[in-house]
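Q:
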Amino acid sequence: MHKANEVYNQDFYAWAMQNAQLLRQGRFSEIDIEHIAEELESMGKSERRELISRLSVLISHLLKWLFQPGLRSNSWKYTIEEQRRAVTDLLEDSPSLYHELEDRLAKAYTNAVLQAARETGMDKTHFPEHCPFSVGQILDEDFWPN
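First residue of the sequence shown: 450, per the working numbering; consecutive thereafter.
1. Which residue comes first and which comes last in the alpha helix (DSSP H) that contains residue 510?
2. Under 7 angstroms, do residue 547 and residue 554 count as touching if we go by C-beta distance?
3. Assuming residue 576 contacts residue 512 (C-beta within less than 8 angstroms), just tell me the rounded distance between them.
4. If you draw a straight line from the C-alpha of residue 457 to the C-alpha of residue 465, how long is it?
5. Hey, could you find the ends of the alpha helix (DSSP H) residue 525 is sitting in?
6. Could you check whether the region 551–566 touches the region 491–507, counting it as contact only if at least three pairs of C-beta atoms, one from each stretch, sit closer than 8 angstroms?
7. Quick check on DSSP: helix, strand or coil for residue 578?
8. Could you give the DSSP three-state label for residue 592: helix, strand or coil?
9. Do you know whose CA, among 580, 557, 514, 469, lies nearest residue 595's CA?
Here you go:
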């Protein structure tokens, strides 16, 4: 087994620090290019997963807000506000994710319906087949569905 693979598989932290040092020193022929590429791709996918997760929570609470007006609470309001801030922060840190919002909205909505159905006790067929909110509405701090 190659030394870089061995360190990568046995001590990720040591591998990361070693490769960071090699990069800073310009010793490019010694870096573990394949694993660095894999880790960078993984980091990007992680950002996308976080976006979908936060959108799912946000949309599920917007659905609960819309379909259970008598049960609206400060907790729901806080969650909506917090998730909006988190999504906005994520998009500010990684603006290219904004271009994926429309494409990822369907996945986030599917997750949101399942979560809202589970939390409300309503059948998932009670909710619209497609997301009733636009991306603009979802992120708009002044939008509260009625």
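Quick reminder that beta carbons are idealized off the backbone N, C-alpha and C, glycines included.
A: The short version:
1. 482–516
2. no
3. 6 angstroms
4. 8 angstroms
5. 523–542
6. yes
7. coil
8. coil
9. 514
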